[in-house]
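**Q**
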Amino acid sequence: MCPLYPVHLVLMYGGLILCVWLAGLGTVVSAAARASTLQVRLRVNDSLVTDLSVQEGEEKQVTYYIDNLPADAVGELVIKDLQPDTLDHICIAPDQFSLSDEPTKGTLEPAENGTLEGSFNVSGKFLGFTKIKLVLSNGSDQELMESEPVNVKVQRGHRVLDVIFIHVIIALIFVVYINLGCAIDLKVIKNTLRRPVAPAIGLASQYLFMPLLSYGVGYGLFYDTPEMWLGLFLTGCSPGGGGSNMWTYLLGGSLDLSVTMTFISSLGAFVALPLWIYALARTIIQDGYYSKLPYKNIAMMVVGLVLPLSIGLLIKRYSPRMAATLKRCLKPLSLIFIVFIMTFGVYANFYIFSFFDWKVAVSGMLLPWVGFLFGAVFALLSRRTWEEVIAISIETGVQQTGLAIGILKVALQKYAPLGDITMVIPVAVATMTPIPLTIAYIVKRCRKQPESPAKYNIDCIENDIAEKDCFQIPSCDSTTPLHKDANDNCKAAIA
Numbered sequence: 001m002c003p004l005y006p007v008h009l010v011l012m013y014g015g016l017i018l019c020v021w022l023a024g025l026g027t028v029v030s031a032a033a034r035a036s037t038l039q040v041r042l043r044v045n046d047s048l049v050t051d052l053s054v055q056e057g058e059e060k061q062v063t064y065y066i067d068n069l070p071a072d073a074v075g076e077l078v079i080k081d082l083q084p085d086t087l088d089h090i091c092i093a094p095d096q097f098s099l100s101d102e103p104t105k106g107t108l109e110p111a112e113n114g115t116l117e118g119s120f121n122v123s124g125k126f127l128g129f130t131k132i133k134l135v136l137s138n139g140s141d142q143e144l145m146e147s148e149p150v151n152v153k154v155q156r157g158h159r160v161l162d163v164i165f166i167h168v169i170i171a172l173i174f175v176v177y178i179n180l181g182c183a184i185d186l187k188v189i190k191n192t193l194r195r196p197v198a199p200a201i202g203l204a205s206q207y208l209f210m211p212l213l214s215y216g217v218g219y220g221l222f223y224d225t226p227e228m229w230l231g232l233f234l235t236g237c238s239p240g241g242g243g244s245n246m247w248t249y250l251l252g253g254s255l256d257l258s259v260t261m262t263f264i265s266s267l268g269a270f271v272a273l274p275l276w277i278y279a280l281a282r283t284i285i286q287d288g289y290y291s292k293l294p295y296k297n298i299a300m301m302v303v304g305l306v307l308p309l310s311i312g313l314l315i316k317r318y319s320p321r322m323a324a325t326l327k328r329c330l331k332p333l334s335l336i337f338i339v340f341i342m343t344f345g346v347y348a349n350f351y352i353f354s355f356f357d358w359k360v361a362v363s364g365m366l367l368p369w370v371g372f373l374f375g376a377v378f379a380l381l382s383r384r385t386w387e388e389v390i391a392i393s394i395e396t397g398v399q400q401t402g403l404a405i406g407i408l409k410v411a412l413q414k415y416a417p418l419g420d421i422t423m424v425i426p427v428a429v430a431t432m433t434p435i436p437l438t439i440a441y442i443v444k445r446c447r448k449q450p451e452s453p454a455k456y457n458i459d460c461i462e463n464d465i466a467e468k469d470c471f472q473i474p475s476c477d478s479t480t481p482l483h484k485d486a487n488d489n490c491k492a493a494i495a
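Its first residue numbered 1, the sequence shown is counted upward by one per residue in the UniProt record's numbering.
#1: Quick one, are the C-beta atoms of residue 398 and residue 240 less than 7 Å apart?
#2: May I ask you to report which of helix, strand or coil DSSP gives residue 65?
#3: Are the CB atoms of residue 67 and residue 115 within a distance shorter than 7 Å?
#4: Check this for me: beta carbons of residue 169 and residue 406, under 7 Å apart or not?
#5: Kindly give me the distance between the Cβ atoms of residue 403 and residue 238, rounded to whole angstroms, as I take these residues to be in contact under 8 Å.
#6: Please determine if the segment 219-227 and the segment 200-210 are in contact, where contact requires at least 3 C-beta pairs separated by less than 8 Å.
#7: Does the distance from the C-beta atom of residue 55 to that of residue 220 stay below 7 Å?
#8: Output the boundary residues of the beta strand (DSSP E) element that contains residue 190.
#9: Taking all protein chains shown into account, do 16 or more other C-beta atoms lie within 10 angstroms of the C-beta of residue 479, making it buried, or fewer, making it exposed?
#10: Where does residue 377 fall in DSSP's three states?
#11: Using the rule of at least 16 other Cβ atoms within 10 Å of the residue's Cβ for burial, across every protein chain shown, is residue 438 buried or exposed?
#12: Where in the segment 218-278 do unbroken runs of the alpha helix (DSSP H), each at least 4 residues long, occur, reported from the N-terminal end onward?
#13: Let me know the secondary structure DSSP gives residue 70 once reduced to three states.
#14: Taking DSSP as the reference, what is the three-state secondary structure of residue 45?
#15: Could you say if the segment 266-280 and the segment 426-437 meet the contact criterion of at least three C-beta pairs nearer than 8 Å?
#16: Take residue 117 as the anchor and find which of 417, 336 and 98 has the nearest alpha-carbon.
#17: Measure the alpha-carbon distance for residue 232 versus residue 69 and round it to whole angstroms.
#18: Apart from the five residues just before and just after residue 379, which ones in its own chain have a Cβ nearer than 7 Å to its Cβ?
#19: Please report the straight-line C-alpha distance between residue 159 and residue 340, rounded to a whole angstrom.
#20: Out of 278, 249 and 309, state which residue places its alpha-carbon closest to the alpha-carbon of residue 264.
#21: What is the C-beta distance between residue 496 and residue 165, in whole angstroms, given that I count them as a contact (C-beta under 8 Å)?
#22: Helix or strand or just coil, what does DSSP make of residue 130?
#23: What do you reckon, are the CB atoms on residue 192 and residue 256 nearer than 7 Å?
#24: Are the CB atoms of residue 396 and residue 364 within a distance shorter than 7 Å?
#25: For residue 281, tell me which candidate among 235, 245, 325 and 260 has the shortest Cα-Cα distance.
#26: Judging by CA-CA distance, which residue of 307, 143 and 423 is the nearest neighbour of residue 348?
#27: If you measure between the beta carbons of residue 120 and residue 79, is that distance less than 7 Å?
#28: Could you name the residues of the same chain whose beta carbon sits closer than 7 Å to that of residue 435, not counting the 5 residues immediately before and after it, in chain order?
#29: At the level of alpha carbons, what is the spacing between residue 535 and residue 204?
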């Protein structure tokens, strides 16, 4: 027998009564909340809509129907723009009505509820996202009832410049990755991978720390602007590159390790980037503006870069002379790619500077700068040499922002203006990345260190020659066909 008998029966009965009472209270509260919410329907071009979409410079007439307006309602109906930023995305006219000017058109429940009908115009001013809601006030700024927020997106009009920009980006990425395949020295990579500790440290920093860092920074700064958060996250998931080899050389790092890490990072992007997109990108934009973003398209576009890379490797395998020629074009093409994005791309997308605020600037600094710091600390704790520490630090912090911009612009072009806004962050990161590297280079030059035998190694960098072979160039004794041009330059320099 229960030791609490018969008290346990009273406790059980009391618990049951409490559960029923709480459930009833929740129902009453929910019903009261629904009663204080305006039930609004919107119609555009004879079609009912749940959100609004306009282009810049376009004006649309929106008809509204309020189905649960109290019969004795007085005051004003105000249409509020809940702009999430300092930009004016839309213009609403008129934005308020006096209830005496809007006659009741029908009755849902006689003497209790009526349907109010009216219209207003929405004009697109600047691309972006905002929300509107209808508020019933008593005429003295006291809100009595309000509707659920309605999503509004303002898109850019179709322009020839945008079409040119997208297609040129696709072509440049394709050609650059072919030349990257021609420039890859598998022997150097094989020698470096015999002791893969340093490359493993760099890969872990690049594809474990940087995506989580970008996600965390985005959560802290752009929780209310998920389009910026998505751009930051995709930038953090991008492979290393973007001049990291040249910066490693200029700052006295290990060039062999830098080239190896760039290669491994580029290959790892085909797996890591799609996995991160499927794992976390879905949590950034879930509902609201888009019910189904093309995450599959973004992932497949990254995997598709295997094709031009494979073409480059095949050219190097079966036509070394052509590969050597194409390899010399890699850095000029990479420079053209960067210059194109920073000139024509900026001209075609000048709007991005309107989005630059302190949050964008801080995120553009935090991602690469914290990446530099983490890579250096991780390498030091792993007892790497100072040259390897420099290479790992730079490879961790320098992202291929051009690739991120290309992916966002192309994959999201049908989801305007999402693609137009997300590319603001990669541009900010690309702008902020060189600042600490430039300062470090100036400090290094000011220290006036004695020149090393590597003073003739600039030809090695331009021809992607292995670091261990670069130090042989002053004696001009290299017999490798791909080193011939560097040896000729070396002889001229020594002479």
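Even glycine gets a Cβ: it sits at the ideal position worked out from N, Cα and C. None of the values given here were measured: they were computed from a predicted structure.
**A** Put simply:
#1: In this structure, residue 240 lies closer than 7 Å to residue 398 by Cβ.
#2: DSSP places residue 65 in strand when its eight states are reduced to three.
#3: It is a contact, given that the beta carbons lie within the stated cut-off.
#4: In terms of Cβ geometry, residue 169 and residue 406 form a close pair [threshold 7 Å].
#5: Taking the Cβ atoms as the reference, residue 403 lies roughly 5 Å from residue 238, within the contact range of under 8 Å.
#6: Contact between the segment 219-227 and the segment 200-210 is absent, because fewer than three Cβ pairs lie under 8 Å.
#7: The answer is no: Cβ separation not under 7 Å.
#8: It is not in any beta strand (DSSP E) - residue 190 instead sits in the alpha helix (DSSP H) that spans 186-193.
#9: Bear in mind that a pLDDT of 40 at residue 479, under 50, signals an unreliable position, so the model cannot answer this.
#10: It is helical.
#11: Exposed is the call here.
#12: With a minimum length of 4 residues, the continuous alpha helix (DSSP H) runs that stay inside the segment 218-278 are 226-237 and 244-250.
#13: Three-state DSSP puts residue 70 in a strand.
#14: Residue state, collapsed to three classes: coil.
#15: No contact exists between the segment 266-280 and the segment 426-437.
#16: Checked all of 417, 336 and 98; the closest Cα to residue 117 is 98.
#17: A direct Cα-Cα distance of roughly 44 Å separates residue 232 from residue 69.
#18: Answer for residue 379: 201, 388, 389, 392 and 393, listed in chain order.
#19: Cα to Cα, residue 159 sits roughly 18 Å from residue 340.
#20: Answer by Cα proximity: 309.
#21: One cannot answer for residue 496 here, as it falls past the ends of the chain, which runs 1 to 495.
#22: When secondary structure is reduced to three states using DSSP, residue 130 falls in the strand class.
#23: In this structure, residue 256 lies closer than 7 Å to residue 192 by Cβ.
#24: In this structure, the beta-carbon distance from residue 364 to residue 396 does not fall below 7 Å.
#25: For the residues 235, 245, 325 and 260, the minimum Cα distance to residue 281 belongs to 235.
#26: The residue from 307, 143 and 423 with its alpha-carbon nearest to that of residue 348 is 423.
#27: It is a contact, given that the beta carbons lie within the stated cut-off.
#28: Contacts found: none.
#29: There is simply no residue 535 to check, as the chain begins at 1 and stops at 495 in what is shown.
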